[in-house]
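Enquirer: Provided herewith is a single structure, encoded as structure tokens, for subsequent inquiry.
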Amino acid sequence: MSERRRPLRYERRILLLALLAGLPGSALGLVLLWRSAAGADTIWTLTLLVVGVWVGAAFALRERVIRPLQTLSNLLGALREGDFSIRARGARTDDALGLALFEVNALGATLRGQRLGAMEATALLRTVMGEIDVAVLAFDGSRSLRLANRAAERLLGAPAPRLLGRTAEELGLGGCLAGPAPRTLDATFPGGRGRWELRRSTFRQGGLPHHLVVLADVSRALREEEREAWQRLIRVLGHEINNSLAPIQSIAGSLSDGLRHEPVDEQWLDDVRQGLAVIQSRSGALARFMAAYARLARLPPPRRGPVEVDGWVRRVAALETRLAVAVRCGPEITLHADGDQLDQLLINLVRNAADAALETGGAVVIEWDRRDGALEVRVLDGGPGLPESANLFVPFFTTKPGGSGIGLALCRQIAEAHGGSLTLENRSGDAGCIARLRLPAPE
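Going from the sequence shown to this note's numbering is simple: count from 1 and add 60.
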């Protein structure tokens, strides 16, 4: 097999084209020169001069074509290597070559600005990652660690150079790359133990998938929240228990003092009966309060099944006998939820709305529709409205005499257990308030 002929280089092709362009004129000149009557020395001198000019002009043309291309290639090579300080001379916009050089210079200036912006953004990101008290780690497709901030170094008990390149399993983080996220987990690391919030996402670098893992220590915040919750609970329980025990203690002391007087008359027996009635009433109220708290603390997880919204709303509206509850029908929607818990939730909302409406002689309306892929049930009342709403969902907080402060807290707990939300606010333009219940609804 014969070896394939390699094509001529671009420079040689330009030189050959330049020689061919000057060949006709040079050949004609030489023919006329050799046919003239000049002497031999003159003919040879002029022949060498013609040939020299011809070849020299061809090489000069070659240089004028090749040199700008070499300049452009050097500029582009510098840009590729990240050197944006080189500029080409002769950049102008009134000829083709100058325009090409002008555009290359403009490209270099643009890339330089972009690199400066990227460097500043990278420096800012590194500063933020170094200062935040959250462990940030990045793993490549082979589960090897590629990035760790200072919080991650403290968590793993080693500097980044000793950690990079090690697998998640070697670092004790294998479980962080599997399972659902976000989630909360209890774990022990070289830098500490406690409860951590795990968040995980994926990104691509160099065309390859990577995993970003964020671990935030929530133990301190949870302990603070638990401490505040216990303090609030103890204050409320202490207040309610003292409200019941104080009259019981006072009446018991009065009755005890009455036993020392002889003889016992009928008036004293009436006092005994009244005192025992008060003791029975207060002890019953305290028992109901503790039962309501126990119900809030022991709410079971939802047992889901099909729930038709129209039938659910009409059934609960019919249970309120103190006034007629109006129902404005919405679209036909079937939820996958716990029907008993939703009944309890809506009954509490309707009862509260009816209590408020009876104060002013207003009405109660229930309506629903589909908004942003979710079911929104609204309970509107014509009552006096909410004096303040900051503590409405705080357990044991109540604005009603004799109320336990459990109903709204239990309603929100049921709504959130179903992946929804519950809010209360005053109506705009009308008297009363509106309760908005949002629940996930299938399409």
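Heads up, the beta-carbon is just placed ideally off N, CA and C, and yes, glycines get one too. These figures come from a predicted structure and were not determined experimentally.
Over what stretch of residues does the alpha helix (DSSP H) that includes serine 86 continue unbroken?
Expert: Note, serine 86: alpha helix (DSSP H), 70-95.
Enquirer: Check whether the stretch 175-184 touches the stretch 202-220, taking contact to mean three or more Cβ pairs, one atom from each stretch, closer than 8 angstroms.
Expert: Contact between the stretch 175-184 and the stretch 202-220 is absent, because fewer than three Cβ pairs lie under 8 angstroms.
Enquirer: Helix, strand or coil: which one does DSSP assign to valine 194?
Expert: Coil, per DSSP.
Enquirer: Does cysteine 389 pass the burial test, meaning 16 or more other C-beta atoms within 10 Å, or should it be called exposed?
Expert: So cysteine 389 ends up on the exposed side.
Enquirer: Compute the beta-carbon to beta-carbon distance between valine 274 and phenylalanine 199, rounded to the nearest angstrom, for a pair I have assumed lies under 8 angstroms.
Expert: That belief does not hold up - the Cβ atoms of valine 274 and phenylalanine 199 are roughly 12 angstroms apart, past 8 angstroms.
Enquirer: Indicate whether alanine 469 and aspartate 441 have their beta-carbon atoms separated by less than 8 angstroms.
Expert: Contact: no.
Enquirer: Could you tell me the alpha carbon to alpha carbon distance between glutamate 392 and leucine 484, rounded to whole angstroms?
Expert: Cα to Cα, glutamate 392 sits roughly 25 angstroms from leucine 484.
Enquirer: Classify tryptophan 256 as buried or exposed, calling it buried when 16 or more other Cβ atoms lie within 10 Å of its own Cβ.
Expert: Buried, since its Cβ has 16 or more Cβ neighbours within 10 Å.
Enquirer: Judging by CA-CA distance, which residue of Pro67, Ala97, Asp432, Ile311 is the nearest neighbour of arginine 498?
Expert: Per the Cα distances, Asp432.
Enquirer: At 3 residues or longer, and completely inside the stretch 251-285: list those beta strand (DSSP E) runs for me, N to C.
Expert: Qualifying beta strand (DSSP E) stretches, in chain order: 252-265, 268-277.
Enquirer: Where does the unbroken beta strand (DSSP E) through phenylalanine 249 begin, and where does it stop?
Expert: Looking at the DSSP string, the run of the beta strand (DSSP E) that includes phenylalanine 249 is 243-249.
Enquirer: Got a sec, what are the start and stop residues for the beta strand (DSSP E) threonine 394 sits in?
Expert: Segment 394-397, the beta strand (DSSP E) holding threonine 394.
Enquirer: Buried or exposed: valine 91, going by 16 or more other Cβ atoms within 10 Å of its Cβ?
Expert: By the neighbour-count rule (16 or more Cβ atoms within 10 Å), valine 91 is not buried but exposed.
Enquirer: So for isoleucine 146, helix, strand or coil by DSSP?
Expert: Here isoleucine 146 sits in coil by DSSP.
Enquirer: Going by C-alpha distance, which of Ala166, Ile103, Ala160, Ala377 is nearest glutamine 130?
Expert: Minimum Cα distance to glutamine 130 is reached at Ala160.
Enquirer: To the nearest angstrom, how far is the alpha carbon of histidine 478 from that of valine 425?
Expert: Answer to the nearest angstrom: the Cα atoms are 23 angstroms apart.
Enquirer: Where does the unbroken beta strand (DSSP E) through aspartate 29 begin, and where does it stop?
Expert: Because the chain spans 61 through 503 in this model, residue 29 falls outside it and cannot be assessed.
Enquirer: Would you list, in sequence order, the uninterrupted alpha helix (DSSP H) runs of no fewer than 4 residues that lie entirely inside the stretch 199-244?
Expert: Runs of the alpha helix (DSSP H) inside the stretch 199-244: 210-216, 220-223.
Enquirer: Restricting to Cα atoms, I'd like to know which of Pro221, Ala241, Ile494, Ala211 is closest to phenylalanine 249.
Expert: Ranking Pro221, Ala241, Ile494, Ala211 by Cα distance to phenylalanine 249 puts Ala211 first.
Enquirer: In this structure, does DSSP put threonine 459 in helix, strand or coil?
Expert: At threonine 459, the pLDDT of 49 sits below 50, so the modelled position is not reliable and the matter cannot be decided from this model.
Enquirer: Tell me whether the beta-carbon of alanine 416 lies closer than 8 angstroms to the beta-carbon of glycine 489.
Expert: Not a contact, by the Cβ cut-off of 8 angstroms.
Enquirer: Given a threshold of 16 other Cβ atoms within 10 Å of its Cβ, counted over all protein chains shown, does glycine 443 qualify as buried or as exposed?
Expert: Classification for glycine 443: buried.
Enquirer: Smallest Cα separation from glycine 116: which of Leu79, Trp104, Leu409?
Expert: Minimum Cα distance to glycine 116 is reached at Leu79.
Enquirer: Please check the pair leucine 185 and leucine 167, which I expect to be a contact at CB under 8 angstroms, by giving their CB distance rounded to whole angstroms.
Expert: Actually they are not in contact, since the Cβ atoms of leucine 185 and leucine 167 sit about 26 angstroms apart, beyond 8 angstroms.
Enquirer: With a cut-off of 8 angstroms, do at least 3 Cβ pairs link the stretch 390-410 to the stretch 364-379?
Expert: The stretch 390-410, when compared against the stretch 364-379, does touch it at the 8 angstroms Cβ threshold.
Enquirer: Which residues bound the alpha helix (DSSP H) around serine 133?
Expert: Serine 133 -> alpha helix (DSSP H) spans 100-141.
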